[in-house]
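See below for the structure under consideration.
Numbering (the working numbering), first residue to last: -2 to 348.
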């Protein structure tokens, strides 16, 4: 008998990556829950996204991040929590709000007593805070309990990362290091609370870095000239890989890196691919590292963060200058069945 799919709660389900994770969860057949925060009722665009997900079968759970008891009640209905809260300084930056999720998950997973019915089926769970939860027969944790005698009570948490691996950027430059420092603070809170987890390092989103040939301040291809960082030689299926990982024991308490072989390109290779597709040669000008860092002087904070992140990616090669090792795994090797989008397919949309 196949194990039933975990129930998934997505927090931040209306954002750029969040709505893709919701779509992937629904497509994979997971019972999918999306957190509906009260304040979203004033944002017509986000509300319409949520209502569209509801029409597709998602269940909206209303709770505020400031309502601890409401969050705990919501989390006790699921097996996995995926946070897609924004960490981008050009928009809202909400990474530290995830501490509230960590505290709620910690309480939701505090199992004190399991009441067992006939046939070894768990009927009721009493938590350390005295809350009693009645359980239905369709919960994956109960199937595990029936087979092993161990209740899979702890919720797995996937915090909002989806970029560079913060554990490898302890020496990152100011002011951009704030992103990595905050992500590491969230990681420490998760691990100190012994919460099962998976970290997803998605590196660079194709839609943000490919069509513009890695140029700042635009998402469109350059028409005449293109800036090349140094010598240019440092090498949207995130939702699908994220959902694939949530029930996978190989990713438990590990980092998965999304490094599709065909999409690991240097900036020079990306530019050459665009020139071949468009039939037009671009004038290249090289930007020295010191010159690039100096360009952020007297600019706003969000731009300075972007410049320092670009520096680590394109001048230091922080996405690929390490071996993954035993504490991580590469997503395309774990899930070779996923037909991921190639960079040339993304570029063709802009012709």
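Every residue gets a Cβ at the ideal spot worked out from N, C-alpha and C, and that includes glycine. Please read all numbers here as calculations on a predicted model, not as lab measurements.
C-beta atoms of residue i and residue j nearer than 8 Å
i, j, result
"residue 68", "residue 57", "no"
"residue 347", "residue 234", "no"
"residue 102", "residue 152", "yes"
"residue 243", "residue 77", "yes"
"residue 80", "residue 95", "yes"
"residue 349", "residue 26", "No answer is possible for residue 349: it lies beyond the span of the chain, which begins at -2 and ends at 348."
"residue 247", "residue 331", "yes"
"residue 8", "residue 22", "no"
"residue 296", "residue 251", "no"
"residue 92", "residue 157", "yes"
"residue 201", "residue 310", "yes"
"residue 221", "residue 305", "no"
"residue 213", "residue 303", "yes"
"residue 253", "residue 325", "yes"
"residue 159", "residue 14", "yes"
"residue 301", "residue 172", "yes"
"residue 60", "residue 71", "yes"
"residue 224", "residue 268", "no"
"residue 316", "residue 161", "yes"
"residue 165", "residue 319", "yes"
Nonlocal neighbours in the same chain, by C-beta distance under 6 Å from residue i, ignoring five residues either side
i, result
"residue 146", "Below a pLDDT of 50, predicted positions are generally treated as unreliable, and residue 146, at 39, falls in that range; the measurement from the model is reported next regardless. Counting only Cβ-Cβ distances below 6 Å, and skipping sequence neighbours, we find nothing."
"residue 349", "Because the chain here runs from -2 to 348, residue 349 falls outside it and cannot be looked at."
"residue 192", "102, 154"
"residue -2", "Low confidence applies here, because residue -2 scores a pLDDT of 44, under 50, leaving its location unreliable; read the following figure in that light. Cβ neighbours of residue -2 beyond the five flanking positions: none."
"residue 238", "255, 328"
"residue 62", "94, 97"
"residue 134", "A caution first: residue 134 carries a pLDDT of 45, below 50, which makes its placement in the model too unreliable to give a value."
"residue 182", "none"
"residue 334", "none"
Boundaries of the alpha helix (DSSP H) in which residue i is found, first to last residue
i, result
"residue 154", "Taken as a continuous stretch (DSSP letters only), residue 154 belongs to no alpha helix (DSSP H), being part of the beta strand (DSSP E) at 153 to 155."
"residue 236", "235 to 242"
"residue 325", "Not the alpha helix (DSSP H): residue 325 falls in the beta strand (DSSP E), residues 325 to 327."
"residue 52", "41 to 52"
"residue 303", "298 to 311"
"residue 161", "Run containing residue 161: none; DSSP gives neither H nor E here."
"residue 24", "15 to 24"
"residue 400", "The chain is shown only over -2 to 348; residue 400 falls outside these bounds and no answer can be derived."
"residue 176", "174 to 189"
"residue 99", "95 to 105"
"residue 340", "340 to 345"
"residue 68", "65 to 72"
"residue 332", "Run containing residue 332: none; DSSP gives neither H nor E here."
"residue 206", "203 to 206"
Bridge partners - residue i, DSSP secondary structure assignment
i, result
"residue 9", "Its beta-bridge partners do not exist; DSSP assigns none."
"residue 251", "195"
"residue 169", "Partner(s): none; residue 169 has no beta bridge."
"residue 29", "5"
"residue 59", "33"
"residue 77", "5, 153"
Beta carbon proximity, residue i to chain B, threshold 8 Å
i, result
"residue 173", "Among the chains in the structure shown there is no chain B, since it carries only a single protein chain."
Segment limits, beta strand (DSSP E) that includes residue i
i, result
"residue 283", "280 to 284"
"residue 195", "195 to 198"
"residue 226", "222 to 226"
Neighbourhood of residue i by C-beta distance below 8 Å, restricted to the same chain and skipping five residues each side
i, result
"residue 354", "Nothing about residue 354 can be read from this structure; the chain reaches only from -2 to 348."
"residue 274", "341, 344, 345, 348"
"residue 278", "272"
"residue 219", "209, 210, 212, 279"
"residue 37", "11, 43, 44, 47"
Residues of its chain near residue i, where Cβ-Cβ distance is below 7 Å and the 5 sequence neighbours each way are ignored
i, result
"residue 75", "4, 5, 6, 30, 152"
"residue 53", "23"
"residue 190", "99, 103"
"residue 12", "81, 83"
Closer than 7 Å: residue i CB and nearest the ligand PLP heavy atom
i, result
"residue 197", "This structure lacks the ligand PLP; in fact it carries no ligand of any kind."
Does the region 203 to 213 come within contact of the region 260 to 270, defined as at least 3 CB pairs closer than 8 Å?
-> yes
Specify whether the region 219 to 233 and the region 176 to 185 touch according to this definition: at least 3 beta carbon pairs, one from each stretch, less than 8 Å apart.
-> no
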